[in-house]
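Q: Before anything else, here's the structure in question.
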Amino acid sequence: STRLILHAQAQDTVLSLAAAAGSVEDLEIEDVMKVGFKGIRCVESGGPEPGVGCAGRGVITSINFLEENGAYDDVDYVSYDVLG
375 STRLILHAQA
385 QDTVLSLAAA
395 AGSVEDLEIE
405 DVMKVGFKGI
415 RCVESGGPEP
425 GVGCAGRGVI
435 TSINFLEENG
445 AYDDVDYVSY
455 DVLG
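Structural data, given as structure tokens:
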């Protein structure tokens with residue numbers, strides 16, 4: 375959902391980066407947040423394969439990570455594109 379804002383660039387998800395790093399605690403905000411068109415900051419939470427696990431887990435993990443790392447500081451708007 376961030377591809378158009380990021381000029382067609384694919385973005386790694388918080389969950390995939392956390393899995394590769396070992397834990398979400400091993401990530402930095404710069405690892406997951408990319409800046410696109412007009413300075414819009416983008417993050418993709420990710421989730422399990424369809425039909426396996428809980429999609430909400432990725433959303434909750436991502437929001438907690440973003441809050442703890444100051445991603446919501448100094449922003450005017452936050453927009454979520456959530457499946458369902």
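Number 418 in our numbering belongs to position 44 of the sequence shown; there are no gaps in the numbering. Heads up, the beta-carbon is just placed ideally off N, CA and C, and yes, glycines get one too.
Under a three-way DSSP split, which group does threonine 435 fall into?
A: Indexing the sequence shown from 1 puts residue 435 at position 61. It is helical.
Q: Kindly list the residues whose CB is nearer than 8 Å to the CB of glycine 444, restricted to its own chain and excluding five residues on each side of it in sequence; keep chain order.
A: Position 70 of the sequence shown, counting from 1, holds the residue named residue 444. Cβ neighbours of glycine 444 beyond the five flanking positions: Ile403.
Q: Which residue from Asp447, Leu391, Gly396, Ile414 puts its Cα closest to that of aspartate 405?
A: For the purposes of this step, residue 405 is taken as residue 31 along the sequence shown, with counting starting at 1. Checked all of Asp447, Leu391, Gly396, Ile414; the closest Cα to aspartate 405 is Leu391.
Q: So what's valine 406 in DSSP terms, helix, strand or just coil?
A: Your numbering for residue 406 matches position 32 in the sequence shown. Three-state result, valine 406: helix.
Q: Give the single residue among Leu378, Thr387, Val398, Ile379 whose Cα lies nearest to the Cα of glutamate 442.
A: The residue given as residue 442 occupies position 68 in the sequence shown. When only C-alpha atoms are compared, the closest one is Val398.
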